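Chains as they are written, first to last, in my numbering: chain Y, 1218 to 1741; chain Z, 858 to 949.
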Amino acid sequence: MLPIKSQAPAFDLESAQGASHSFPSGQNTLICFIKEDCPTCKLIVPILEQLHQKQLLILAIGQTKDGNDRLIKEFDLTMPILDDSDLKVSFAYDIDTVPTLVKTLPSGNIEAQLIGFVKEEWQALLDTELADLDDGIAWTTLPDWRPGCGSLSVDPIIADRLRAEAENSPLRARKIEVAPADDEFEFMFDQGFSDGLPLVPPTPERVLRMLAGTSREPQDIVAILPPNLAQTTVEKVAINAVMAGCKPDYLPVVIAALEAACTDEFNAHGVMSTTMGASPVMVVNGPIRDRIGMNSTLGALGQGNRANATIGRAVRLALRNMGGAKPGGTERSTLGNPMKFTMCFAESEERSTWEPLHVERGFAATDSVVTLFGMTSGPVLIVDQTSVASEQLASSMAMSLLSVHHPKSYMGSDTLLVVCPEHLDTLQRDGEMSKKQLRRLIQDSLAQPLKQLAQDEKSGVGIAAETLAKMDATRQNKLVTKFPRDEDIHIVVAGSDAGKFSGAFHGWATGSIGTISVSRKIEE
Amino acid sequence: MSTILDPTDERVPVARQPTPRPMTITGSVALLDISKPRGNILLDQFEARLKERLPGVNFNRYAKPTFTKPAPDDLRQEIRARNDYVIEALAD
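So, in structure tokens, the structure goes:
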């Protein structure tokens, strides 16, 4: 309900009898919100009719068209019943319960409000209104009190639409009317909004519900999305999150991921446009994983979990729709890859013996964090069901990582190694092996003298013969590592307890020349 | 009528894309008269000329009950079900 003494909202409504009624009218007015299927409303309608006949200005506002007609017929009313079937006036008056009687002064200010029916309150109010006139109401036949019913304007299905349409709606995005003869799903495909899969229509109601997932203001700028360099508001992110199928609880993760993507370090422009076909791989850490039901165990990198699937998709849709990263436009991937639909998962921190990714990167364990990696392929499976010693498995994993980009391509990429629980157990069986030790073992295992990487008749990938010829023997025999730095082997734990199958995502151009992984705290 | 919010940066106007125009015409063509005066005469001429040029194509004639209202659903569905193309005589 609105505060006493505040200005009551103005309105123009038509009565069921066909006349127009405006408020304010410069007189004392009794505005009463009613609904035909509410027994308490039916109790007070005859009272309103009596007051109308006593020349009081009564504006009875009915919430359904059919109901208004039935009331007029049932009670043989001469009092007009105003049609508020679109519920905008009920919403503007913040009505929770019908009947609600609002008494306003000639200025239009609210003097009193009565909710439901409390006989004493009604009698007192009408005594003042009618002064010494007999109200003609048989008060003794009426009950002392009756509770009201819920106003239609707070029905959960209707209330979101009313909020979206209200004058103070927080929504600013362009509204697109989809003609009745158009199928809205086909329409969205035709407009180029889709990644190729059906989208949830971003109706104003759904977008408002999505915005409830964040404490940020709808018009806050989240990021400048490349390649169009579009200023992207929380509202626009929410629209794309609705289309992706997100729940409101996921929105803070999507927002943080887009902030991470649109940094100079991550270089979303390059990641999205390269012919190599890179895409953001998102890893979520911290308490939000459980709160929103993310999957970090069985099948974590696959389908079947709504949060994993739709958060990744929402980020991609925002980059597509706001940033303009569309295949054939600025997105020029030769083959593309399925990660361009979505790739987001949670780390299995509870199963890991290592400190989780976000703690390793300087965040508190209690923080929720999303980390983005620009990856070109994966997860490439590391199938090793027979290594039994820790170092044996580490070097076996290294052999699989030799294929990152190409076995003769060195010092150019990073990798995201997703260690499965059974492999983790094997790595730890001969004593604790830290992430740092694992990285070194992999680098040592793959290190080769420069001359071994020369181009030859079997591969044009490698160091050109003329370049090698200019090097002295010491230089030619210098060992080079597969990855530029040990830290370019990113390690997380995920997957089910059964199966000796880890996975590796292969990077793009690593470092300031291309992309650097970025972590962002998720602000809820 | 449903309403959705624009997910893009709003640089491009929202528009329905026209159906791609084919290079050849086969199958059936609907000739729809919206019932404005002389629309039927225009369509008679079209039909005669088109039959000369496209001997293998069927032509089906339709008319809206009145030009003041959208075509009834049944008529739209019938045109869609039985034809590959529509030529509509719009006005007098």
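For glycine and all other residues, C-beta sits at the position ideal for the given N, C-alpha and C.
For clarity, every value in this text was computed on a predicted model and none was experimentally measured.
Query, Result
"Please compile the residues from chain Z whose C-beta is within a distance smaller than 7 Å of the C-beta of Asn1385 of chain Y.", "Those within 7 Å of Asn1385 of chain Y in chain Z number zero; the least Cβ separation is about 17 Å."
"Closest to Val1315 of chain Y by CA distance: which of Y:Asn1326, Y:Ile1289, Y:Asp1372 and Y:Cys1255 is it?", "Y:Cys1255"
"Using a Cβ-Cβ cut-off of 7 Å, state whether Thr881 of chain Z counts as contacting chain Y.", "no"
"Can you give me the start and stop residues for the beta strand (DSSP E) that Cys1249 of chain Y sits inside?", "Thr1246 to Ile1251"
"Pick helix, strand or coil for Leu862 of chain Z, following the three-state DSSP scheme.", "strand"
"With a 10 Å radius around its C-beta and 16 neighbouring C-beta atoms as the bar for buried, classify Asp1743 of chain Y as buried or exposed.", "This structure cannot settle anything about residue 1743 of chain Y, because the visible part of chain Y is limited to 1218 through 1741."
"Do Asp1647 of chain Y and Ser1607 of chain Y have their beta-carbon atoms positioned less than 7 Å apart in this structure?", "yes"
"Looking at C-alpha atoms only, which residue of Y:Asp1703, Y:Leu1369 and Y:Lys1717 is the closest neighbour of Leu1644 of chain Y?", "Y:Lys1717"
"Does DSSP classify Met1592 of chain Y as helix, strand or coil?", "strand"
"Measure how close the beta-carbons of Ser1550 of chain Y and Gly1462 of chain Y come, nearest whole angstrom, since I'm counting them as under 8 Å.", "Incorrect: roughly 24 Å between the Cβ atoms, too far for contact."
"Which value, in whole angstroms, describes the spacing of the CA atoms of Leu1634 of chain Y and Leu1658 of chain Y?", "14 Å"
"Please list the residues of the stretch 907-936 of chain Z that have a C-beta atom closer than 7 Å to any C-beta atom in chain Y, keeping them in chain order.", "none"
"Identify whether Pro1263 of chain Y lies in helix, strand or coil by the three-state DSSP scheme.", "helix"
"Which of the three DSSP states, helix, strand or coil, is assigned to Pro1666 of chain Y?", "strand"
"Buried or exposed for Ala1542 of chain Y, please, with buried defined as at least 16 other CB atoms from any protein chain shown within 10 angstroms of its CB.", "buried"
"In chain Z, what lies closer than 8 Å to Pro1418 of chain Y by C-beta?", "Ser859 and Ile861"
"Ser1585 of chain Y and Ile1708 of chain Y: beta carbons closer than 7 Å?", "no"
"Using DSSP with H/G/I as helix, E/B as strand and the rest coil, what is His1622 of chain Y?", "coil"
"Work out the CA separation of Lys1305 of chain Y and Lys1259 of chain Y for me, nearest whole Å.", "22 Å"
"Can you round the beta-carbon distance between Asn1512 of chain Y and Gly1731 of chain Y to whole angstroms, since I take them to be within the 8 Å contact cut?", "At roughly 29 Å, the Cβ-Cβ gap does not stay under 8 Å, so Asn1512 of chain Y and Gly1731 of chain Y are not in contact."
"Check whether the Cβ of Pro864 of chain Z lies closer than 7 Å to any Cβ atom in chain Y.", "yes"
"Return the chain-ordered list of same chain residues with a C-beta closer than 6 Å to the C-beta of Leu1268 of chain Y, the five sequence neighbours on each side being excluded.", "Ile1275"
"Tell me, please, which residues DSSP counts as bridged to Trp1362 of chain Y.", "Y:Val1335"
"Considering Gln1448 of chain Y, what are the terminal residues of the alpha helix (DSSP H) in which it resides?", "Counting along the chain, Gln1448 of chain Y falls outside any alpha helix (DSSP H), though it belongs to the beta strand (DSSP E) covering Ala1447 to Thr1450."
"Between Leu1534 of chain Y and Met1460 of chain Y, is the Cβ-Cβ spacing less than 7 Å?", "yes"
"On the CB-based measure, 16 or more other CB atoms within 10 Å of its CB, does Thr1420 of chain Y come out buried or exposed?", "buried"
"Contact criterion: CB-CB distance below 7 Å. Does Val943 of chain Z meet it with respect to chain Y?", "no"
"So which residues of chain Z does Ala1396 of chain Y contact, with C-beta pairs closer than 8 Å?", "Met858"
"Contact criterion: CB-CB distance below 7 Å. Does Val871 of chain Z meet it with respect to chain Y?", "yes"
"At 9 Å on the CB atoms, spell out the chain Z contacts of Phe1590 of chain Y, in chain order.", "The contacting residues do not exist; Phe1590 of chain Y stays about 25 Å from chain Z at best."
"So within the stretch 1348-1408 of chain Y, which uninterrupted beta strand (DSSP E) runs reach at least 3 residues, ignoring any that extend past its ends?", "1392-1395"
"Which of the three DSSP states is assigned to Lys1738 of chain Y in this structure?", "strand"
"Would you check if there are 3 or more beta carbon pairs closer than 8 Å linking the stretch 1656-1676 of chain Y to the stretch 1621-1633 of chain Y?", "yes"
"Counting contacts by CB-CB distance shorter than 7 Å, is Phe1558 of chain Y in contact with chain Z?", "no"
"At 7 Å on the CB atoms, spell out the chain Z contacts of Ile1441 of chain Y, in chain order.", "Here the premise fails: no neighbours, minimum Cβ distance about 10 Å."
"Taking C-beta pairs closer than 8 Å, name the residues in chain Y that Glu867 of chain Z reaches, listed in chain order.", "Ala1390 and Arg1391"
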